[in-house]
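Undergrad:
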Ligand code: FCB
């Protein structure tokens with residue numbers, strides 16, 4: 112069965128992971144430049160200094176994106192490139208780069224979906240406390256306004272934050288991502304509150320500055336629990352675990368509700384407030400109203416989920432069967448995550464959804480005949496898309512799907528060893544080689560998703 116006629120097929124990336132050119136346009140260092148310069152922080156000490164050198168391969172990359180036939184491209188804007196001091200004066204040279212990117216997309220008939228924050232805030236703002244400083248909400252809104260002033264005659268789709276769960280959970284709690292902090296629970300909850308406030312202030316800034324009516328969303332982690340079988344009590348168990356503060360990963364930062372309830376409902380979930388007690392964030396008058404400004408869509412980044420069932424102790428997560436398929440990242444292959452994740456989130460938050468990221472890392476290399484076969488990526492994506500289509504059939508309002516990622520890229524603490532691209536990148540020569548999955552996805556898009564399983568990859 113086809114996807115809805117106006118379904119948006121897309122592909123995604125983020126600034127620090129592909130751009131390189133970290134010293135051009137007057138760009139200042141971001142927290143990631145600082146973090147990856149420290150030996151031991153990133154796999155084999157890889158850095159984002161060159162990455163895919165996308166800044167210098169813009170036209171080639173735009174042609175490759177267009178070659179897929181996608182309707183939309185999700186990218187992020189680098190805060191230190193467009194506002195090197197973090198606040199005050201925007202950099203024209205930096206904004207010019209995104210001008211060219213946006214013009215290039217529109218000339219090719221591709222709708223830009225811009226993310227304002229994909230983890231790379233200026234180091235100078237980190238030196239002033241980063242997310243721990245309440246002022247960051249105003250700094251972020253100021254930066255958002257500068258970007259919107261320049262691009263909103265052509266860009267109407269905006270996302271504020273990418274995955275607050277990850278930049279708080281890994282950046283500020285376990286220290287495996289920039290800026291590499293291990294804050295207390297109280298401090299990290301306060302930083303998360305500031306991130307939510309930044310989101311809300313940016314929503315206002317976008318609406319106030321947009322020259323065309325904007326459509327605004329965010330792109331959190333879709334922390335997904337699915338029923339282990341089709342018994343109603345298993346479904347109930349999965350739903351309960353999807354919306355609890357005691358999420359199955361055992362770290363509050365990775366849960367859905369602590370971030371989404373404030374944004375959609377204007378309040379923190381009760382179970383979290385009870386659990387945190389004195390550690391709960393300081394909330395000033397007006398904060399919750401600011402955080403819960405209406406948004407137009409809810410982005411979901413979903414890669415995997417865990418199965419749950421009901422026991423006499425209550426809902427519990429089950430272990431995977433030995434030998435279940437895993438990606439190179441060791442993430443379980445769980446297509447049903449793209450049915451239950453969107454379904455549960457839509458039932459609770461009733462906001463139109465986009466899958467803003469989905470994909471996998473696999474061990475791809477250029478074969479002797481210069482092709483890059485990646486059957487795992489094709490099989491994974493076909494299975495996940497079939498589940499997404501089933502969710503749509505069952506009434507979940509999913510407007511689009513963005514595959515992560517267009518290019519192999521700098522996978523944060525894993526460096527370049529995790530390859531998520533539809534296009535292989537040789538980091539020595541910077542040569543791009545579309546993988547089999549690129550040609551396969553092109554057919555999926557051209558056929559609007561019909562016959563997913565029957566399509567063969569052909570160059
Ligand atoms: C998500 C990130 C994205 C990429 C994928 C694999 O958590 O948003 O930048 O790293 O995972």
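In our numbering, the protein residues as written are 112 to 570.
Beta carbons are placed, not taken as given, at the ideal position from N, Cα and C, and that holds for glycine.
1. By the DSSP assignment, the beta strand (DSSP E) with residue 154 in it spans what residues?
2. Taking 7 Å as the cut-off, is the beta-carbon of residue 415 closer than that to any non-hydrogen atom of the ligand FCB?
3. Less than 7 Å separating the Cβ of residue 186 from some heavy atom of the ligand FCB?
4. Taking 7 Å as the line, does the beta carbon of residue 244 fall inside it for any heavy atom of the ligand FCB?
5. Is any heavy atom in the ligand FCB found nearer than 7 Å to the beta carbon of residue 370?
6. According to DSSP, is residue 422 part of a helix, a strand, or is it coil?
7. Touch check for the stretch 146-164 and the stretch 492-511: three-plus C-beta pairs under 8 Å?
8. Beta carbon of residue 451, beta carbon of residue 416: below 8 Å?
9. By the DSSP assignment, the alpha helix (DSSP H) with residue 203 in it spans what residues?
10. For residue 438, would you say it is in contact with chain B, using Cβ-to-Cβ distances shorter than 8 Å as the test?
11. Residue 468: beta carbon under 7 Å from a heavy atom of the ligand FCB?
12. Following the continuous beta strand (DSSP E) through residue 272, name the residue where it begins and the one where it ends.
13. To the nearest angstrom, report how far apart residue 126 and residue 518 are at their CA atoms.
14. Nearest to residue 573 by alpha carbon, out of 513, 397 and 537?
15. Could you check the C-alpha separation between residue 253 and residue 261 for me, to the nearest Å?
16. First and last residue of the beta strand (DSSP E) that includes residue 509?
17. Would residue 264 be called buried (16 or more neighbouring beta carbons within 10 Å of its own) or exposed?
18. Have a look at residue 185 and residue 448 and give me their C-alpha separation to the nearest angstrom.
19. The ligand FCB and residue 130: does any heavy atom of the ligand fall closer than 7 Å to the residue's C-beta?
20. Residue range of the beta strand (DSSP E) that residue 408 falls in?
21. Can you tell me whether residue 217 is buried or exposed, with buried defined as 16 or more other CB within 10 angstroms of its CB?
22. How about residue 547 and residue 484: are their beta carbons less than 8 Å apart?
TA: For this structure:
1. Residue 154 sits at position 43 when you count from the first residue of the chain shown. If you look at residue 154, you'll find it isn't in any beta strand (DSSP E); DSSP assigns it neither H nor E.
2. Numbered from 1 along the chain shown, position 304 holds the residue referred to as residue 415. No.
3. Along the chain shown, one-based indexing puts residue 186 at 75. The answer is no for residue 186.
4. Taking the first residue of the chain shown as position 1, residue 244 is located at position 133. Not one heavy atom of the ligand FCB sits closer than 7 Å to the Cβ of residue 244.
5. Within the chain shown, numbered from 1, the residue matching residue 370 stands at position 259. Because no heavy atom of the ligand FCB lies under 7 Å away, the Cβ of residue 370 does not count as near it: no.
6. Walking along the chain shown from the start, residue 422 turns up at place 311. It is a strand residue.
7. no
8. In the chain shown, residue 451 corresponds to position 340, counting from 1. In the chain shown, residue 416 corresponds to position 305, counting from 1. Yes, the pair counts as a contact, with Cβ atoms nearer than the cut-off.
9. What you label residue 203 is simply residue 92 of the chain shown in a count that begins at 1. Element bounds for residue 203: 203-218.
10. Annotation note: the requested chain B is absent from the structure, which comprises a single protein chain.
11. Position 357 of the chain shown, counted from the start, is the residue given in the question as residue 468. Yes, the ligand FCB has a heavy atom inside 7 Å of this Cβ.
12. As a position in the chain shown, residue 272 is number 161, starting the count at 1. That run of the beta strand (DSSP E) goes 268-273.
13. In the chain shown, counting from the first residue as 1, residue 126 sits at position 15. In the chain shown, counting from the first residue as 1, residue 518 sits at position 407. Near 12 Å, if we compare the C-alpha coordinates of residue 518 and residue 126.
14. The shown model of the chain, from 112 to 570, leaves out residue 573, and the question about it has no answer.
15. The sequence position of residue 253 within the chain shown is 142, counting from 1. The sequence position of residue 261 within the chain shown is 150, counting from 1. Their Cα atoms are separated by approximately 13 Å.
16. Residue numbering aside, residue 509 sits at position 398 when the chain shown is read from its first letter. Its beta strand (DSSP E) spans residues 509-515.
17. By one-based count along the chain shown, residue 264 stands at place 153. Classification for residue 264: exposed.
18. Working through the chain shown from its first residue, we reach residue 185 at position 74. Working through the chain shown from its first residue, we reach residue 448 at position 337. The alpha-carbon atoms of residue 185 and residue 448 are separated by roughly 21 Å.
19. Against the chain shown, residue 130 aligns to sequence position 19. Checking the Cβ of residue 130 against the ligand FCB gives no.
20. As a working note, residue 408 is residue 297 in the chain shown. Unbroken beta strand (DSSP E) run through residue 408: 408-412.
21. By 1-based counting over the chain shown, the position of residue 217 is 106. Counting Cβ neighbours within 10 Å, residue 217 comes out exposed, since fewer than 16 surround it.
22. In the chain shown, counting from the first residue as 1, residue 547 sits at position 436. In the chain shown, counting from the first residue as 1, residue 484 sits at position 373. It is a contact, given that the beta carbons lie within the stated cut-off.
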